[in-house]
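Enquirer:
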Amino acid sequence: MIFQEPQSCLDPSERIGRQLMQNIPAWTYKGRWWQRIGWRKRRAIELLHRVGIKDHKDAMRSFPYELTDGECQKVMIAIALANQPRLLIADEPTNAMEPTTQAQIFRLLTRLNQNSNTTILLISHDLQMLSQWADKINVLYCGQTVETAPSKDLVATPHHPYTQALIRAIPDFGSAMPHKSRLNTMPGAIPLLEQLPIGCRLGPRCPYAQRECIETPRLTGAKNHLYACHFPLNMEKE
Numbered sequence: 001m002i003f004q005e006p007q008s009c010l011d012p013s014e015r016i017g018r019q020l021m022q023n024i025p026a027w028t029y030k031g032r033w034w035q036r037i038g039w040r041k042r043r044a045i046e047l048l049h050r051v052g053i054k055d056h057k058d059a060m061r062s063f064p065y066e067l068t069d070g071e072c073q074k075v076m077i078a079i080a081l082a083n084q085p086r087l088l089i090a091d092e093p094t095n096a097m098e099p100t101t102q103a104q105i106f107r108l109l110t111r112l113n114q115n116s117n118t119t120i121l122l123i124s125h126d127l128q129m130l131s132q133w134a135d136k137i138n139v140l141y142c143g144q145t146v147e148t149a150p151s152k153d154l155v156a157t158p159h160h161p162y163t164q165a166l167i168r169a170i171p172d173f174g175s176a177m178p179h180k181s182r183l184n185t186m187p188g189a190i191p192l193l194e195q196l197p198i199g200c201r202l203g204p205r206c207p208y209a210q211r212e213c214i215e216t217p218r219l220t221g222a223k224n225h226l227y228a229c230h231f232p233l234n235m236e237k238e
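Using the UniProt record's numbering, read the sequence shown as starting at 1 and increasing by one per residue.
#1: In angstroms with no decimal places, state the Cα-to-Cα distance between residue 93 and residue 114.
#2: Taking the alpha-carbon positions, what's the residue 98 to residue 221 distance?
#3: Alpha carbon to alpha carbon, what distance is there between residue 214 and residue 105?
#4: If we count the other Cβ atoms within 10 Å of its Cβ and call it buried at 16 or more, is residue 128 buried or exposed?
#5: Report the rounded CA-to-CA distance for residue 14 versus residue 231, giving the unit in angstroms.
#6: Output the residue ranges of the alpha helix (DSSP H) runs that lie fully inside the stretch 81-131 and measure 4 residues or longer, sorted by chain position.
#7: Relative to the C-alpha of residue 90, which candidate in 71, 211, 124, 158 has its C-alpha closest?
#8: Does the beta-carbon distance from residue 74 to residue 122 come in below 9 Å?
#9: Spatial neighbours of residue 167 within its chain, please: C-beta separation below 7 Å, excluding the five flanking residues on both sides.
#10: What is the rounded straight-line gap between the Cα of residue 227 and the Cα of residue 206?
#11: Would you decide whether residue 235 is buried or exposed? Buried here means 16 or more other CB atoms lie within 10 Å of its CB.
#12: Within 10 Å of its beta-carbon, does residue 42 have 16 or more other beta-carbons around it, so buried, or fewer, so exposed?
#13: Find the nearest neighbour of residue 239 within the set 40, 78, 27, judged by alpha-carbon distance.
#14: Could I get the ranges of all uninterrupted beta strand (DSSP E) runs contained in the stretch 143-172, with 3 residues as the minimum, in chain order?
#15: Beta strand (DSSP E) containing residue 137: first to last residue?
#16: Leaving aside the five residues before and after residue 212 along the sequence, list all residues of the same chain whose C-beta is less than 6 Å from its C-beta, in chain order.
#17: If you follow the alpha helix (DSSP H) that residue 326 is in, where does it begin and where does it stop?
Here you go:
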């Protein structure tokens with residue numbers, strides 16, 4: 001798993017090389033028994049090169065605070081890859097990073113997905129970013145899956161009001177925006193987890209809510225585009 005805020009996930013008192021070697025499991029060694037000496041260090045160097053850190057000597061003798069956020073996140077990805085996972089969960093991997101660093105991390109994850117046959121579950125609140133990098137998007141609200149579809153389909157024809165609200169909340173900097181114009185937002189606030197509404201959890205905030213919404217909607221729709229709404233939107237475009 002790749003966590004957000006990599007600086008706080010790495011041990012500040014240990015050098016990067018030692019932390020990386022400690023996370024390489026013994027079962028990943030495939031060579032002869034007499035070749036085991038130094039294999040963890042060789043494997044650590046290989047992992048650093050794989051995630052785009054070319055100067056492995058400087059990186060391995062550095063402490064986490066001596067590296068940038070982007071470099072620390074690459075180290076976290078290298079640690080996650082040490083177990084040779086088939087599923088990699090990335091929780092906000094580019095949180096509070098610069099756009100150029102974000103692009104580097106996502107290009108790295110895309111390369112791992114394509115070349116290493118690794119499935120990546122990317123958790124994020126940035127729908128615009130997800131639509132550019134993810135193949136399929138699953139939208140959740142208060143723990144309920146409200147819509148799931150291929151990225152292009154979901155952005156082009158959202159069927160759930162919450163998905164539509166997320167898309168409308170993305171600022172359009174390509175067109176002229178009036179001075180001090182307000183962003184599109186949904187009315188109300190997210191409910192507390194101990195006071196969730198019955199039925200559709202978006203009901204109290206949804207502008208399309210009706211009496212039927214007191215019943216929990218089930219996921220329905222086509223095989224590749226599912227939604228949980230009694231009154232889905234944009235159905236005429238199907």
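For each residue, glycine too, the CB sits at the ideal point set by N, CA and C.
This structure is a prediction, so every number in the text was calculated from the model and none was measured.
Expert: To lay it out plainly:
#1: In the sequence shown, residue 93 corresponds to position 93, counting from 1. In the sequence shown, residue 114 corresponds to position 114, counting from 1. Approximately 18 Å between the Cα atoms of the pair.
#2: On the sequence shown, residue 98 is found 98 positions in, with the first residue counted as 1. On the sequence shown, residue 221 is found 221 positions in, with the first residue counted as 1. Taking the straight line from one Cα to the other gives about 38 Å.
#3: By one-based count along the sequence shown, residue 105 stands at place 105. By one-based count along the sequence shown, residue 214 stands at place 214. Their Cα atoms are separated by approximately 42 Å.
#4: The sequence position of residue 128 within the sequence shown is 128, counting from 1. So residue 128 ends up on the exposed side.
#5: Here residue 14 corresponds to residue number 14 of the sequence shown, with the count starting at 1. Here residue 231 corresponds to residue number 231 of the sequence shown, with the count starting at 1. Rounded to whole angstroms, residue 14 to residue 231 spans 55 Å at the Cα level.
#6: 99-115
#7: The residue given as residue 90 occupies position 90 in the sequence shown. The candidate whose alpha carbon is nearest that of residue 90 is 124.
#8: As a first step, residue 74 is located in the sequence shown; it is residue number 74 there, counting from the start. As a first step, residue 122 is located in the sequence shown; it is residue number 122 there, counting from the start. Their beta carbons are not under 9 Å apart, which means residue 74 does not touch residue 122 by this criterion.
#9: If you number the sequence shown from 1, residue 167 lands on position 167. Counting only Cβ-Cβ distances below 7 Å, and skipping sequence neighbours, we find 127, 155, 158.
#10: In the sequence shown, the residue the question calls residue 227 occupies position 227. In the sequence shown, the residue the question calls residue 206 occupies position 206. Each residue's alpha carbon lies about 15 Å from the other.
#11: Counted from its first residue, the sequence shown places residue 235 at position 235. Exposed, because fewer than 16 other Cβ atoms sit within 10 Å of the Cβ of residue 235.
#12: Translated into the one-based positions of the sequence shown, residue 42 becomes position 42. Exposed, since its Cβ has fewer than 16 Cβ neighbours within 10 Å.
#13: No statement about residue 239 is possible, as the shown extent of the chain runs from 1 to 238 and does not include it.
#14: 144-150
#15: Counting from one through the sequence shown, the residue named residue 137 turns up at place 137. Residue 137 -> beta strand (DSSP E) spans 136-141.
#16: Counting from 1 along the sequence shown, the entry for residue 212 is found at position 212. Excluding residues within five positions, the ones whose Cβ falls inside 6 Å are 230.
#17: Because the chain spans 1 through 238 in this model, residue 326 falls outside it and cannot be assessed.
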